[in-house]
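Numbering (the numbering used here), first residue to last: 1147 to 1257.
Working notes, structure below.
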């Protein structure tokens, strides 16, 4: 069974970038927030679907989804990019190689 409250993620790494791929089905793009700091990102999303009628089985999750991912090397939040399509969120996070990064919280927008 899928635990949507803590979505499944894949984290890939190459020489210059971390790539995070998260499954967040049934969420509008406007209800997703990505916050980054020097060494981590936090993905927050809100899923709410209500249908008319009386439920007699409820198995689908409604509510807040949160996932925090830490990285072994600092990331450059200013150059991060995100893409959301068909319930899959992909975040590209360049590594901050030999760059001075101020430890602040930064919001990554999804175009």
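Every residue, glycine too, gets a C-beta built ideally from N, C-alpha and C.
All of these numbers come straight from a predicted model, not from anything done at the bench.
Alpha-carbon to alpha-carbon, residue 1163 and residue 1203: If you number the chain shown from 1, residue 1203 lands on position 57. If you number the chain shown from 1, residue 1163 lands on position 17. So the two alpha carbons sit approximately 43 angstroms from each other.
Out of 1208, 1183 and 1175, which one is the CA nearest neighbour of residue 1218? Position 72 of the chain shown holds residue 1218. Ranking 1208, 1183 and 1175 by Cα distance to residue 1218 puts 1183 first.
Backbone CA spacing between residue 1256 and residue 1198 [nearest angstrom]: Locating residue 1256 in the chain shown gives position 110, where the first residue counts as 1. Locating residue 1198 in the chain shown gives position 52, where the first residue counts as 1. For residue 1256 and residue 1198, the distance between alpha carbons rounds to 31 angstroms.
Cβ pair residue 1170, residue 1238 closer than 9 angstroms: As a first step, residue 1170 is located in the chain shown; it is residue number 24 there, counting from the start. As a first step, residue 1238 is located in the chain shown; it is residue number 92 there, counting from the start. No. Outside cutoff.
Excluding sequence positions up to five away, which residues of its chain have a Cβ less than 7 angstroms from the Cβ of residue 1175? Reading the chain shown from its first residue, position 29 is the one you call residue 1175. Closer than 7 angstroms at the Cβ level, and outside the excluded window around residue 1175, lie 1230 and 1256.
How close, in whole Å, do the beta carbons of residue 1187 and residue 1166 come, if the pair is a contact with beta carbons under 8 angstroms? By 1-based counting over the chain shown, the position of residue 1187 is 41. By 1-based counting over the chain shown, the position of residue 1166 is 20. About 7 angstroms; that satisfies the 8 angstroms criterion.
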